[in-house]
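Chemist: Sharing a structure here in structure tokens format.
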Ligand code: KG4
Ligand code: ZN
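Residue numbers (the working numbering): 889 to 1230.
Right under this line is the structure:
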């Protein structure tokens, strides 16, 4: 048995969790800064760093107390070393390294996207590579072939906005709060896909994706409706939300199926904040049945950023024990640089 403390501070969630290699997730504390940033319509890096600093120690204490553990019970502390906001990353990195140094514990820098990739394992320990990962977050829309854990081959990426970014930016146009994905999803349950927004690159034949054209299409539609004196509220708003959600999810499911067909790997895992989208899940579940592949997701509450995914990634990387407390963070960090060979 090994107990790993995971710390996530790459953006606007302070996440701390305890993962036990025998018993799974045993404590999970999350503090969201969303309200702090909402007035600005996006994350303000300096405010994010300061808020992480204010919260992180009490979250660590809460985690240890709830699980009745002491620091000396830990095998290691895992922390997000990138990609993300420089100052925010430095808070998690310095706290993790300081506590580890003071207590003679191993410390493990984790790639944030590897955390997302392994988050479905938090709900299903039986999962195993190979699989295709559809990683859809605020900053990424990627299809990745995972032949074994620690080996990540990028198959396709968004050429412009990420899927979550497309949700957030179009939500802002509709006057919804940041981050807008869950607000669009909630409104969409009352609406229908009547506006038939463009699905850019859906038939490009490769695994590249594009979502920035959706913003222009939504803006054009908004202007058209306004010129007809149609208020963007009630059913109109719900239908716009449903149309946006269907446009984004149609591209994601089509590209996922193509990745499965191209590689012959018949297991898909979906991760990152957008994997909480229930329309995406329903469409993929249906596609999986008709095309004979399996699909797995993180538990709903662990789709967006959290400490649990960093702790489980730490458990997978525990073999590379390190007691070197010199640290650096990587605001930009290519996942493929992690590869540990075929
Ligand atoms: O993975 P995440 O927490 O942060 C990044 O690493 O980027 O993802 C956040 C993204 C945001 O763009 C947010 O709007 C989106 O996930 N999101 C959703 C839903 N919940 C969160 N998008 C669509 N439907 C949802 N239910
Ligand atoms: Zn994330």
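From the three backbone atoms N, C-alpha and C, an ideal C-beta is built for every residue, glycine too.
In chain order, what residues place their C-beta within less than 5 angstroms of a heavy atom belonging to the ligand ZN?
Modeler: Taking each Cβ in turn, the ones that pass are 1025, 1193.
Chemist: In the DSSP assignment, the beta strand (DSSP E) including residue 901 goes from what residue to what residue?
Modeler: Your numbering for residue 901 matches position 13 in the chain shown. Run containing residue 901: 901 to 908, per the beta strand (DSSP E) assignment.
Chemist: Using only the heavy atoms of the ligand KG4, determine whether one of them is closer than 7 angstroms to the beta carbon of residue 999.
Modeler: Here residue 999 refers to the residue found at position 111 of the chain shown. Checking the Cβ of residue 999 against the ligand KG4 gives no.
Chemist: Figure out for me which residue from 1012, 944, 1178, 1098 has the closest Cα to the Cα of residue 900.
Modeler: Here the question's residue 900 lines up with position 12 in the chain shown. With distances taken between Cα atoms, residue 900 lies closest to 944.
Chemist: Taking Cβ to Cβ, would you say residue 988 is nearer than 8 angstroms to residue 965?
Modeler: Within the chain shown, residue 988 is the residue found at index 100, counting from 1. Within the chain shown, residue 965 is the residue found at index 77, counting from 1. Result yes, Cβ atoms of residue 988 and residue 965 sit closer than 8 angstroms.
Chemist: Just to check, is the beta-carbon of residue 1069 closer than 7 angstroms to a non-hydrogen atom of the ligand KG4?
Modeler: The residue you call residue 1069 lines up with position 181 of the chain shown. It does: the Cβ of residue 1069 is within 7 angstroms (strictly closer) of some heavy atom of the ligand KG4.
Chemist: Can you tell me the Cβ-Cβ gap for residue 1075 and residue 1126, rounded? I've got them flagged as a contact below 8 angstroms.
Modeler: By 1-based counting over the chain shown, the position of residue 1075 is 187. By 1-based counting over the chain shown, the position of residue 1126 is 238. Indeed, because the Cβ distance is near 5 angstroms, the residues count as touching under 8 angstroms.
Chemist: Just to confirm, are residue 1052 and residue 1024 a CB contact at a threshold of 8 angstroms?
Modeler: On the chain shown, residue 1052 is found 164 positions in, with the first residue counted as 1. On the chain shown, residue 1024 is found 136 positions in, with the first residue counted as 1. The answer is yes: Cβ separation under 8 angstroms.
Chemist: Would you please state the rounded distance, in angstroms, between the beta carbons of residue 1198 and residue 917? I believe it to be under 8 angstroms.
Modeler: For the purposes of this step, residue 1198 is taken as the residue at position 310 of the chain shown. For the purposes of this step, residue 917 is taken as the residue at position 29 of the chain shown. Residue 1198 to residue 917, Cβ: 12 angstroms. No contact.
Chemist: Which one of 971, 958, 1059, 1008 has the shortest CA to CA distance from residue 1110?
Modeler: Counting from 1 along the chain shown, the entry for residue 1110 is found at position 222. Taking only the C-alpha atoms, the option nearest residue 1110 is 1059.
Chemist: How about residue 1126: is its Cβ closer than 7 angstroms to a heavy atom in the ligand KG4?
Modeler: Position 238 of the chain shown holds residue 1126. Checking the Cβ of residue 1126 against the ligand KG4 gives no.
Chemist: Would the beta-carbon of residue 951 be found less than 7 angstroms away from any heavy atom of the ligand KG4?
Modeler: Locating residue 951 in the chain shown gives position 63, counting from the first residue. It does not: the Cβ of residue 951 is nowhere closer than 7 angstroms to a heavy atom of the ligand KG4.
Chemist: Run the proximity test for residue 1099: is its beta-carbon closer than 7 angstroms to any non-hydrogen atom belonging to the ligand KG4?
Modeler: Taking the first residue of the chain shown as 1, we reach residue 1099 at position 211. No, the beta carbon of residue 1099 sits no closer than 7 angstroms to any heavy atom of the ligand KG4.
Chemist: Anyone know if the C-beta pair for residue 1072 and residue 1132 falls short of 8 angstroms?
Modeler: On the chain shown, position 184 is the one that residue 1072 refers to. On the chain shown, position 244 is the one that residue 1132 refers to. In contact: residue 1072 and residue 1132 (Cβ atoms closer than 8 angstroms).
Chemist: With residue 991 and residue 959 assumed to form a contact (beta carbons below 8 angstroms), what rounded beta-carbon distance in angstroms separates them?
Modeler: Looking up residue 991 in the chain shown gives position 103. Looking up residue 959 in the chain shown gives position 71. Correct: roughly 5 angstroms between the Cβ atoms.
Chemist: Express the C-alpha separation of residue 1171 and residue 1188 in angstroms, rounding to a whole number.
Modeler: If you number the chain shown from 1, residue 1188 lands on position 300. If you number the chain shown from 1, residue 1171 lands on position 283. Distance between the alpha carbons of residue 1188 and residue 1171: 16 angstroms.
Chemist: If you follow the alpha helix (DSSP H) that residue 1055 is in, where does it begin and where does it stop?
Modeler: Mapped onto the chain shown, residue 1055 falls at position 167. Where residue 1055 is concerned, the enclosing alpha helix (DSSP H) stretches over 1051 to 1061.
Chemist: If we ignore side chains and look at the alpha-carbon of each, how far apart do residue 1006 and residue 1123 end up?
Modeler: Numbered from its first residue, the chain shown carries residue 1006 at position 118. Numbered from its first residue, the chain shown carries residue 1123 at position 235. Distance between the alpha carbons of residue 1006 and residue 1123 is about 38 angstroms.
Chemist: At what residues does the beta strand (DSSP E) containing residue 994 begin and finish?
Modeler: Start at 1 with the first residue of the chain shown, and residue 994 comes out as number 106. Counting along the chain, the beta strand (DSSP E) containing residue 994 begins and ends at 994 to 999.
Chemist: List the residues that DSSP assigns as beta-bridge partners of residue 1036.
Modeler: As a first step, residue 1036 must be located in the chain shown, where it is residue number 148. Answer by DSSP bridge pairing, in chain order: 1039.
Chemist: Given the structure, does residue 1189 come close to the ligand KG4, in the sense that its CB is under 7 angstroms from one of the ligand's heavy atoms?
Modeler: One-based indexing of the chain shown puts residue 1189 at position 301. Not so, every heavy atom of the ligand KG4 lies at least 7 angstroms from the Cβ.
Chemist: Within this structure, are the beta carbons of residue 913 and residue 1001 separated by less than 8 angstroms?
Modeler: Position 25 of the chain shown, counted from the first residue, corresponds to residue 913. Position 113 of the chain shown, counted from the first residue, corresponds to residue 1001. The answer is no: Cβ separation not under 8 angstroms.
Chemist: Please classify residue 934: does DSSP put it in a helix, a strand, or coil?
Modeler: Position 46 of the chain shown, counted from the first residue, corresponds to residue 934. DSSP places residue 934 in helix when its eight states are reduced to three.
Chemist: Residue 973 and residue 898 - do their beta-carbons sit closer together than 8 angstroms?
Modeler: Here residue 898 is taken as the residue at index 10 of the chain shown, counted from 1. Here residue 973 is taken as the residue at index 85 of the chain shown, counted from 1. Yes. Within cutoff.
Chemist: How would you label residue 889, buried or exposed, when you count the other beta carbons within 10 angstroms and need 16 or more for buried?
Modeler: Your numbering for residue 889 matches position 1 in the chain shown. By the 10 Å Cβ count, residue 889 comes out exposed.
Chemist: Measure the Cβ-Cβ separation of residue 1080 and residue 1050 and say whether it is below 8 angstroms.
Modeler: Position 192 of the chain shown, counted from the first residue, corresponds to residue 1080. Position 162 of the chain shown, counted from the first residue, corresponds to residue 1050. The answer is no: Cβ separation not under 8 angstroms.
Chemist: How close, in whole Å, do the beta carbons of residue 1144 and residue 1031 come, if the pair is a contact with beta carbons under 8 angstroms?
Modeler: Taking the chain shown and counting its residues from 1, one reaches residue 1144 at position 256. Taking the chain shown and counting its residues from 1, one reaches residue 1031 at position 143. Going by Cβ atoms, the distance from residue 1144 to residue 1031 rounds to 7 angstroms, so yes, they are a contact pair.
Chemist: Quick one: give me the first and last residue of the alpha helix (DSSP H) that residue 1074 is part of.
Modeler: Taking the first residue of the chain shown as 1, we reach residue 1074 at position 186. Its alpha helix (DSSP H) spans residues 1069 to 1076.
Chemist: Tell me whether residue 1107 is buried or exposed, calling it buried when 16 or more other Cβ atoms sit within 10 Å of its Cβ.
Modeler: Within the chain shown, numbered from 1, the residue matching residue 1107 stands at position 219. It counts as exposed.
Chemist: Check residue 1197 in the structure and name its three-state DSSP category.
Modeler: Locating residue 1197 in the chain shown gives position 309, counting from the first residue. Residue 1197: helix per DSSP, three-state reduction.
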